[in-house]
Amino acid sequence: MRLDKFLKVSRLIKRRTVAKEVAEKGRIEVNGSVAKPGTNVKVGDELVIRFGPKTVTAKIERLEENARKEQAGEMYTIIREERNGQE
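Shown next, in the form of structure tokens:
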């Protein structure tokens, strides 16, 4: 599955266009490498997303073409969540 589609379906990022823009700016890593929107992701991959004031590290648990809001959270596990910069 494409990275941008996974981010949208899992609701880590609400809109696919936003997911695409974040990836194009080099703010998403898959298994330690900077990823493009079309990068294929699979179960077990680790994502690091620098989005807004946060950096989120998540592990992909499941891939679904479509997921209800209740199911979306089961597609990944949050490993770490940090705030960037000073508060």
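For my numbering, add 12 to where a residue sits in the sequence shown, where the first one is 1.
All C-beta atoms in this analysis are idealised placements derived from N, C-alpha and C, irrespective of residue type, glycine included.
No Cβ-Cβ contact shorter than 8 Å links residue 95 with residue 69.
Distances from the alpha-carbon of residue 18 to those of 65, 64, 48 and 66 put 48 closest. In this chain, the alpha helix (DSSP H) harbouring residue 84 covers 81-84. Using a Cβ distance threshold of 8 Å, residue 62 and residue 39 count as a contacting pair. Within the same chain, 15, 51, 53, 57 and 59 come within 7 Å of residue 42 by CB-CB distance, once the 5 residues on both sides are set aside. Burial is judged here by how many other beta carbons sit within 10 angstroms of a residue's own beta carbon; residue 34 has at least 16 and is buried.
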